[in-house]
Structure formats: C-alpha cells, structure tokens
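Let me begin by presenting the structure, written as structure tokens, before commenting on it.
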Amino acid sequence: MLAGVLNALRKILIHGARAAVLRIKRDGVPIGAWLDRLDARAHKNVVVVAMANKLARIAWAVLSSGNEYSPTAVPA
C-alpha cells in the first residue's frame, strides 16, 4: 500500500514540476536562473525530475519547520 502511495506522490510531483518548468517566468525569479543553467546542460526529463525533487524538498522544509516559504532564504 505504501509503495502505491509513494508512486502516486511521485507522479503528482513530476506532473506539477513539468507544468512549473513550462510556465515559470524565468526573468527575475530566483529558481528561474537555476532552471536556465540546468536546462542548458541536461535533457528536459532530467530537468523536470530535478524540479520535482526541488519542489519536494521545499515542501518538506516548509511542512517540517512550520515556517512560511521564503524563496530567498538561505539554508542553514
């Protein structure tokens, strides 16, 4: 049962990341510069999975700390 939930979560994260990669306005957005650099050297599917990973890590950090999301926060 847990494997099915994890697979569903992975699919949702990747689906959301694919939409985000396609729609992010890369001018002036901190994550946009990272996407541009990665996009220049990696396959589009690698970029999407990397974005999904980044979104998952951001979500976990926000949920586990209880703090609000800050795109300019420097990790400790």
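In full-length UniProt numbering, the protein residues as written are 1 to 76.
No residue lacks a Cβ here, since even glycine has one placed at the ideal position from N, Cα and C.
9 Å Cβ cutoff met for V47 and I14: no
Where M51 falls: helix, strand or coil (DSSP): helix
Alpha-carbon spacing of I24 relative to M51, whole angstroms: 11 Å
Cβ-based burial, V29 [other Cβ within 10 Å; buried from 16]: Only exposed fits V29, as fewer than 16 other CB atoms lie within 10 angstroms of its CB.
Buried or exposed by the 16-neighbour rule on C-beta atoms within 10 Å, applied to A8: Exposure of A8 is indicated by the presence of fewer than 16 other C-beta atoms within 10 angstroms of its C-beta.
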